Amino acid sequence: MHLAYPAVLAVLLFCTGLYGVLARRNAILVLMSVELMLNAVNLNLVAFDVWLRDTLHAGQALTLFTITIAAAEIGIGLAIVLLVHRNRGTSHIDRLRELAETDGTDGTDRADGTATDSDGPTVAGATDNPADTRLTRGEATA
Amino acid sequence: MSATVSLAAASGTPGFLSPTGVEILFLLVGLLTLGAAITAVTTRQLVHAALWLVVALGGIAVEYLLLSAEFIAWVQVLIYVGAVVVLLLFGLMLTRAPIGRSPDADSGNRPVALAVAVTAAAVLVTVVVDAFRTTWIDLEGGAPQGTTDVTGRILFQHWVLPFEALSVLLLAALVGAIVLSRRGNGRNGTDGDAGAAGTGHGTGAADGGER
Numbered sequence: 009m010h011l012a013y014p015a016v017l018a019v020l021l022f023c024t025g026l027y028g029v030l031a032r033r034n035a036i037l038v039l040m041s042v043e044l045m046l047n048a049v050n051l052n053l054v055a056f057d058v059w060l061r062d063t064l065h066a067g068q069a070l071t072l073f074t075i076t077i078a079a080a081e082i083g084i085g086l087a088i089v090l091l092v093h094r095n096r097g098t099s100h101i102d103r104l105r106e107l108a109e110t111d112g113t114d115g116t117d118r119a120d121g122t123a124t125d126s127d128g129p130t131v132a133g134a135t136d137n138p139a140d141t142r143l144t145r146g147e148a149t150a
Numbered sequence: 002m003s004a005t006v007s008l009a010a011a012s013g014t015p016g017f018l019s020p021t022g023v024e025i026l027f028l029l030v031g032l033l034t035l036g037a038a039i040t041a042v043t044t045r046q047l048v049h050a051a052l053w054l055v056v057a058l059g060g061i062a063v064e065y066l067l068l069s070a071e072f073i074a075w076v077q078v079l080i081y082v083g084a085v086v087v088l089l090l091f092g093l094m095l096t097r098a099p100i101g102r103s104p105d106a107d108s109g110n111r112p113v114a115l116a117v118a119v120t121a122a123a124v125l126v127t128v129v130v131d132a133f134r135t136t137w138i139d140l141e142g143g144a145p146q147g148t149t150d151v152t153g154r155i156l157f158q159h160w161v162l163p164f165e166a167l168s169v170l171l172l173a174a175l176v177g178a179i180v181l182s183r184r185g186n187g188r189n190g191t192d193g194d195a196g197a198a199g200t201g202h203g204t205g206a207a208d209g210g211e212r
């Protein structure tokens, strides 16, 4: 097989992911685009491993490690997105302009910063499920 | 470079204009994968984006199979299609993503993003095609490369230390996700624990009252 096929496919997938990261507004869609970029890199690694016939198979081992790290990254990233959504009421990354919550007026400022003050409690209730499952999972392992 | 030339010579110098069956299949699956990926980053329906991502990731798994990396293909199916996309769908639903078309899925810098992506694609495709124009992968000859046997051997003979370090990393990520997603971290820990054990509406009301 010509090496240009997987290499060009990986490049195009990477650039698709790049477009998604830059153009998307929802944080979870940005995470999806990051996954696409990681997969493009994985495809490159596998193709070059098969081409070079490495005796250590560094490309395949590194691909497995990248997949593992991507799984960890998506878990942490989704936890952060859910936390941000619970605190600010939005997961649109261009509305998250404040780097910190101001001191003193924490409780009121947090609700004022978002446009969805009225459905704040329901938002908090909707995000209860992951906390519940993860807590029970943590307690089960503890 | 000499390795390239010798490899091409060893495989009989296949012609660029006479693709083999594997190449045709790779091309077709690659087109499907690319189309699904482009749809996933441009569609305005958020749940559909996740489902198109499934098609793209499955297509990449087929590409791994065509590149004779079996084990990685099945790991890809298990972890990406099985776990990551399900996590993404859960995240979409938990952040109350709209089901139908959402017109604000793309931010205002879409033309800039398109320009950057097209420029990067043009430059990289030019460089890659120019660099690997005379390079062929020998898929038929030699020992098997990507079977579970081979991958398991190299993983547990030469890559044990990174493997173990990654298991620690996964444990740390799990603990971090639990800590991040438990309610009322630190400031009102006992309240958060009681709330997490109770029903969702109760904690929602308590949180609203706190505000």
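So the protein sequences, as listed, match chains A and B. Under the working numbering, think of the first position of the first sequence as 9, with each following residue one higher. Under the working numbering, think of the first position of the second sequence as 2, with each following residue one higher. Virtual Cβ for every residue (Gly too), placed ideally from N, Cα, C. Remember, predicted model here, so these are calculated numbers, not experimental data.
- Per DSSP, the beta-bridge partners of residue 137 of chain B are A:10.
- Just measuring C-alpha positions, the residue of A:80, A:96, A:55 sitting nearest residue 89 of chain B is A:80.
- Annotation: residue 163 of chain B to residue 102 of chain B spans about 44 Å, alpha carbon to alpha carbon.
- The residues 56, 60, in chain order, have a CB closer than 8 Å to that of residue 33 of chain B in the same chain once the five nearest residues on each side in sequence are set aside.
- DSSP, read as helix, strand or coil, puts residue 107 of chain B in strand.
- Taking a beta-carbon distance threshold of 8 Å, residue 9 of chain A counts as an interface residue toward chain B.
- Assignment of residue 32 of chain A by DSSP, reduced to helix, strand and coil, places it in the strand class.
- By the rule that beta-carbons nearer than 8 Å mark a contact, residue 89 of chain A touches chain B.
- Counting the other CB atoms within 10 Å of its CB gives residue 168 of chain B a total below 16, which places it among the exposed residues.
- Rounded to whole angstroms, the Cβ separation of residue 47 of chain B and residue 98 of chain B is 4 Å, and the two are in contact under 8 Å.
- Judged by their CB atoms, residue 155 of chain B and residue 75 of chain A are not nearer to each other than the 8 Å cut-off.
- For residue 49 of chain B, the three-state secondary structure derived from DSSP is helix.
- Under the Cβ distance rule, residue 34 of chain A counts among the residues neighbouring chain B, one pair being separated by less than 8 Å.
- Of the candidates B:71, B:31, B:36, the residue whose Cα lies closest to the Cα of residue 54 of chain A is B:71.
- Residue-level contact by beta carbon holds for residue 107 of chain B and chain A, with a gap shorter than 8 Å.
- Counting other Cβ atoms within 10 Å of its Cβ, residue 144 of chain B stays below 16 and is therefore classed as exposed.
- Residue 102 of chain B is outside the set of residues whose beta carbon lies under 8 Å from a beta carbon in chain A.
- Listed along chain B, the residues sitting closer than 9 Å to residue 61 of chain A by beta-carbon distance are 8, 139, 143, 144, 146.
- Residue state for residue 65 of chain A is assigned as coil, using DSSP reduced to three classes.
- In this structure residue 157 of chain B is exposed. Its beta-carbon is surrounded by fewer than 16 other beta-carbon atoms within 10 angstroms.
- Within the DSSP bridge table, the entry for residue 100 of chain A names A:34 as partners.
- Among the residues facing chain A, residue 92 of chain B is included, as its CB has a counterpart in that chain under 8 Å away.
- In the DSSP assignment, residue 77 of chain B falls within the alpha helix (DSSP H) that extends over 71-77.
- By the criterion of a C-beta distance shorter than 8 Å, residue 89 of chain A is surrounded in its chain by 35, 36, 39, 99, once the five residues flanking it on both sides are discounted.
- By a beta-carbon distance limit of 8 Å, residue 85 of chain B does not contact residue 84 of chain A. Their separation comes to about 13 Å.
- The beta carbon of residue 32 of chain A sits closer than 7 Å to the beta carbons of 38, 41 from its chain, once the five residues preceding and following it are set aside; these are given in chain order.
- Residues are counted here when their Cβ sits less than 7 Å from a Cβ of chain A; for the stretch 159-171 of chain B these are 159, 160, 163, 167, 170, 171, given in chain order.
- Nearest in C-alpha terms to residue 9 of chain A, of all of B:49, B:40, B:64, B:41, is B:64.
- Contacts with chain A at 8 Å (Cβ-Cβ) do not include residue 46 of chain B.
- A residue is called buried when at least 16 other Cβ atoms come within 10 angstroms of its Cβ; residue 104 of chain B does not meet this threshold and is exposed.
- In terms of Cβ geometry, residue 67 of chain B and residue 26 of chain B form a close pair [threshold 8 Å].
- Within the stretch 40-56 of chain A, 40, 41, 43, 44, 47, 51, 54, 55 place their CB atoms closer than 7 Å to a CB of chain B, listed in sequence order.
- Take residue 44 of chain B, set aside five residues on each side of it, and the residues of its chain with a beta-carbon closer than 6 Å to its own are 50, in chain order.
- Of A:66, A:105, A:91, A:29, the smallest CA-CA separation from residue 113 of chain B is found for A:29.
- Contact of residue 24 of chain B with chain A is assigned, a C-beta pair being separated by under 8 Å.
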